[in-house]
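Taking my numbering, the leading residue of the sequence shown gets 14, the next gets one more, and so forth. Down below is the structure, laid out as structure tokens.
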Amino acid sequence: MTTIQSQQIWIDQQNLANTKVVQCDISLGDLQQDEVLLETDSFGFSANNITYAALGFKMGYWGFFPPQSNDDGVNPNGFGIVPVWGFATVKASCHPDIKEGEKVFGYLPMASHWVIKAGKVAPHGFSDIHEMRKSISPVYDQYLRCAVDPGYDKDREAWQLNFRPLYMTSFVLDDYVAEKAKGETLLLSSASSKTALGTAQLLKDQKSARSASYHVVGLTSQSNVDMVKASDCYDAVYSYDDLNALTSDKSDSRYWLLDFAANGTLINNLSELLDDNLSEVTLIGATDWKAEEKPNPKLLNAEIFFAPARVKLRQGEWGHEVFLAKYASAWKHFAEKVSDQFYEQSHCGTDAITRLYLETLNGSSPTKALNVVTFD
Numbered sequence: 014m015t016t017i018q019s020q021q022i023w024i025d026q027q028n029l030a031n032t033k034v035v036q037c038d039i040s041l042g043d044l045q046q047d048e049v050l051l052e053t054d055s056f057g058f059s060a061n062n063i064t065y066a067a068l069g070f071k072m073g074y075w076g077f078f079p080p081q082s083n084d085d086g087v088n089p090n091g092f093g094i095v096p097v098w099g100f101a102t103v104k105a106s107c108h109p110d111i112k113e114g115e116k117v118f119g120y121l122p123m124a125s126h127w128v129i130k131a132g133k134v135a136p137h138g139f140s141d142i143h144e145m146r147k148s149i150s151p152v153y154d155q156y157l158r159c160a161v162d163p164g165y166d167k168d169r170e171a172w173q174l175n176f177r178p179l180y181m182t183s184f185v186l187d188d189y190v191a192e193k194a195k196g197e198t199l200l201l202s203s204a205s206s207k208t209a210l211g212t213a214q215l216l217k218d219q220k221s222a223r224s225a226s227y228h229v230v231g232l233t234s235q236s237n238v239d240m241v242k243a244s245d246c247y248d249a250v251y252s253y254d255d256l257n258a259l260t261s262d263k264s265d266s267r268y269w270l271l272d273f274a275a276n277g278t279l280i281n282n283l284s285e286l287l288d289d290n291l292s293e294v295t296l297i298g299a300t301d302w303k304a305e306e307k308p309n310p311k312l313l314n315a316e317i318f319f320a321p322a323r324v325k326l327r328q329g330e331w332g333h334e335v336f337l338a339k340y341a342s343a344w345k346h347f348a349e350k351v352s353d354q355f356y357e358q359s360h361c362g363t364d365a366i367t368r369l370y371l372e373t374l375n376g377s378s379p380t381k382a383l384n385v386v387t388f389d
């Protein structure tokens, strides 16, 4: 009976800086009907993954990959596994329509191997319907078959690992904003973040085709201003230290804040500066997860944008294949536009993975790095 050793990185749910590397044995003989063993090939890692940990309880991200006690009796209580997006190969399969050796892309744990239970099997992919998986949306449960995925490019895997899940949020957020915008100045906080860049690029580049009159403005730290301007994704860029410049020549503008930072102090400052001209606030991410003051959606009368709900809506309206084709086309255009703004960086082994996680947690990881992470 073959046994596979899964290397897993567990995170203390109450103290995110406390990590633990755990070895868990998976016996292939114990796989049940429709269960599939995925072997992680590579995954991306960025501030987005820290958001998953920081909002693990509030948004339910800890429920996707609950750790189990290993053979050494390591207690998983109080620990969780941070979700990542990556490529995996089917190492073993007890589902008749999923073959060993098949390559997929989807939501994975920070683990070298993981057992899922395949369901909703279709030509484009399948889902994990395992009873241990406490999912918050079926969108997170889908695994795309790379062989038929229009968005897959073997030569640009690093880009897909780091941008695809984030750009998916950008893609549907742009769709949502374009549907509602009425000529506002659109403010995007944490403008250097990958999700904000993608959203800004879509909004700006499609403005003419939409005959739209909105203005796309990035807000970022002073150290990132030049990098954000160089991306050419925004109509204008301001540092957080220069917010007063927003109203210097457009005092009568209406503003819509698309917030990726979750910094309550920043939002309060904008609210005070813009007053009634700040007509709408949409909360999307939490790149500034260490901010002392968090935004209060009720006091701000803010909406929370949940990308999977929009993905599900458009997949239902357009059909899965059309949705993927539209996304792939938009994604390729974005990657071409910002290809010279980023560089690939490899991290191999549990020590390197843990180090990258901690650097990203404390904000010291390079903004321009496309992290390609592997266990071997």
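No residue lacks a Cβ here, since even glycine has one placed at the ideal position from N, Cα and C.
Asked                                                                                                                                                 : Found
If you draw a straight line from the alpha carbon of Thr295 to that of Asp254, how long is it in whole angstroms?                                     : 22 Å
Can you tell me the Cβ-Cβ gap for Asn61 and Val95, rounded? I've got them flagged as a contact below 8 Å.                                             : Contact flag wrong, Cβ pair sits at about 10 Å.
Going by beta-carbon coordinates alone, are Val97 and Arg158 separated by less than 9 Å?                                                              : no
In chain order, what are the residue ranges of uninterrupted beta strand (DSSP E) at least 3 long that sit wholly in the region 108-182?              : 116-122, 126-135, 138-141 and 155-158
Quick one: residues in its chain with C-beta nearer than 7 Å to the C-beta of Leu232, no 5 flanking neighbours on either side, listed in chain order? : Leu200, Leu201, Ser202, Ala204, Tyr251 and Tyr253
Less than 9 Å between the beta carbons of Ser236 and Leu210, yes or no?                                                                               : no
Helix, strand or coil for Ala249? Go by DSSP, reduced to three states.                                                                                : strand
Taking the alpha carbon of Phe355 as the reference point, which residue from Ala320, Ile297, Arg169 and Leu286 has its own alpha carbon closest?      : Arg169
Restricting to Cα atoms, I'd like to know which of Leu383, Lys350, Ser378 and Glu349 is closest to Ser359.                                            : Leu383
Quick one, are the C-beta atoms of Arg267 and Asn281 less than 9 Å apart?                                                                             : no
For a test of the three-state rule: what should DSSP assign to Pro96, helix, strand or coil?                                                          : strand
Buried or exposed for Cys361, please, with buried defined as at least 16 other CB atoms from any protein chain shown within 10 angstroms of its CB.   : exposed
From which residue to which residue does the alpha helix (DSSP H) around Lys339 run?                                                                  : His333 to Val351
Out of Gln173, Pro109, Val161 and Lys33, which one is the CA nearest neighbour of Tyr120?                                                             : Gln173
Report, in whole angstroms, the separation of the C-beta atoms of Ser125 and Ser55, which I expect to be a contact under 8 Å.                         : About 11 Å; that fails the 8 Å criterion.
Just tell me which of Lys33, Leu371 and Asp364 has its CA closest to the CA of Phe388.                                                                : Asp364
Thinking just about the alpha-carbon of each residue, which of Glu293, Lys311 and Leu68 is nearest to the one in Lys195?                              : Glu293
Measuring alpha carbon to alpha carbon, tell me which of Leu337, Val386 and Leu313 ends up nearest Pro163.                                            : Leu337
Could you name the residues that DSSP lists as bridge partners for Leu383?                                                                            : Glu357
What first and last residue would you give for the beta strand (DSSP E) that runs through Val277?                                                     : Note that residue 277 corresponds to Gly in the displayed sequence, not to Val. No beta strand (DSSP E) holds Gly277; the alpha helix (DSSP H) holding it covers Gly277 to Leu287.
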